[in-house]
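Visitor:
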Amino acid sequence: MNKTVLVFGANGNVGSHVVNQALAAGYKIKAFVRSPHKFKHSEHPNVEVFKGDATNFDDVEKAIKGVDIVVSCLGNPPKKKIHIMDKAYENIILAASEEPNPPRCLMISTIGTNGSSWFVRFLLQLFNGKDGFADYEKADKRVLDEKNVPFVVIRPAGLTNKQGKGSYRIINKQTVFFPKFMARADVAQFFVDCLSDTSFDGRVVMIEGA
Ligand SMILES: NC(=O)c1ccc[n+]([C@@H]2O[C@H](COP(=O)([O-])OP(=O)(O)OC[C@H]3O[C@@H](n4cnc5c(N)ncnc54)[C@H](OP(=O)(O)O)[C@@H]3O)[C@@H](O)[C@H]2O)c1
4 MNKTVLVFGA
14 NGNVGSHVVN
24 QALAAGYKIK
34 AFVRSPHKFK
44 HSEHPNVEVF
54 KGDATNFDDV
64 EKAIKGVDIV
74 VSCLGNPPKK
84 KIHIMDKAYE
94 NIILAASEEP
104 NPPRCLMIST
114 IGTNGSSWFV
124 RFLLQLFNGK
134 DGFADYEKAD
144 KRVLDEKNVP
154 FVVIRPAGLT
164 NKQGKGSYRI
174 INKQTVFFPK
184 FMARADVAQF
194 FVDCLSDTSF
204 DGRVVMIEGA
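Add 3 to the 1-based position in the sequence shown for the numbering used here, that's all there is to it.
(1) Would you say Arg37 reaches chain D, if we count a Cβ-Cβ gap shorter than 8 angstroms as a contact?
(2) Look at the alpha carbon of Lys150 and the alpha carbon of Lys141, and state the distance between them as a whole number of angstroms.
(3) Where DSSP assigns a beta bridge to Thr7, which residues make up the other side?
(4) Would the stretch 92-108 count as touching the stretch 25-45 if we require 3 or more Cβ pairs under 8 angstroms?
(5) Do the stretch 94-102 and the stretch 121-131 make contact, defined as three or more Cβ pairs closer than 8 angstroms?
(6) Kindly indicate the opening and closing residues of the beta strand (DSSP E) around Ser75.
(7) When DSSP builds the beta bridges, which residues end up paired with Pro159?
(8) How is the beta strand (DSSP E) around Glu51 delimited, first residue to last?
(9) What ranges does the alpha helix (DSSP H) occupy inside the stretch 133-179, keeping only unbroken runs of at least 4 residues that lie completely in it?
(10) Going by beta-carbon coordinates alone, are Lys6 and Tyr30 separated by less than 8 angstroms?
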């Protein structure tokens with residue numbers, strides 16, 4: 004049986020790459036989106052579209068029921084003072100923990116959070132504001148503190164929309180000064196690799212361009 008992957012942020016930049024690559028790899032996709040009309044794969048036989056808001060627990064709880072794996076490519080809306088990450092991650096982890104077999108949760112974060120790079124932290128606070136960054140740090144820590152749900156916290160380097168190289172580099176040091184930029188398509192590649200590779204479960208992984 005093909006596993007069903009619930010993708011939060013399926014209309015987003017990284018999320019849409021995850022959907023493309025996971026479908027190509029044979030997974031079934033449940034796309035959690037706010038705007039179904041913007042979703043490009045609605046007609047695909049292995050796709051189910053779920054309209055919802057990740058800050059609404061009832062939506063998240065309904066969407067998670069019965070799925071095998073959760074991928075979050077959520078992000079705070081750019082240039083708006085709206086912070087959804089911590090609330091959304093609280094909802095996802097709680098809903099996953101309520102399942103008889105909690106799904107694995109592969110959750111995007113960013114390098115710079117929780118001591119991973121003082122320099123990237125400085126830049127993100129400068130450009131995105133301290134409150135927005137604090138929201139990411141809380142969301143990241145919330146998942147890392149989780150005991151009942153299998154998770155991977157994925158902290159990518161700065162992202163570009165360049166064509167992917169089909170590869171990425173895992174940063175093995177606990178902290179990094181300034182990691183190499185990477186294509187969003189290659190972040191998606193890491194997510195899709197993690198769908199079948201459980202070796203990072205229970206950990207935070209920092210990735211950068213190869
Ligand atoms: N930019 C960088 O260099 C960098 C580096 C490391 C990590 N990251 C992080 O990587 C993540 C993904 O980046 P990206 O470029 O793919 O971001 P993106 O294109 O802005 O995608 C974010 C997605 O989150 C969705 N979303 C926002 N609020 C929602 C809500 N309340 N309910 C449901 N969905 C909601 C958006 O939905 P709509 O499509 O409906 O708007 C969008 O699909 C972000 O968290 C980003 O901060 C970025």
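Just so it is clear, CB atoms sit at the ideal spot from N, CA and C, and this is done for glycine as well.
Guide: A quick look at the data gives this:
(1) The structure shown contains no chain D, having only a single protein chain.
(2) 16 angstroms
(3) Assignment of beta-bridge partners to Thr7 by DSSP yields Lys31.
(4) Put simply, the stretch 92-108 does not touch the stretch 25-45. Fewer than three CB pairs are less than 8 angstroms apart.
(5) no
(6) 72-75
(7) Partner(s): Ile210.
(8) 50-54
(9) 133-147
(10) yes
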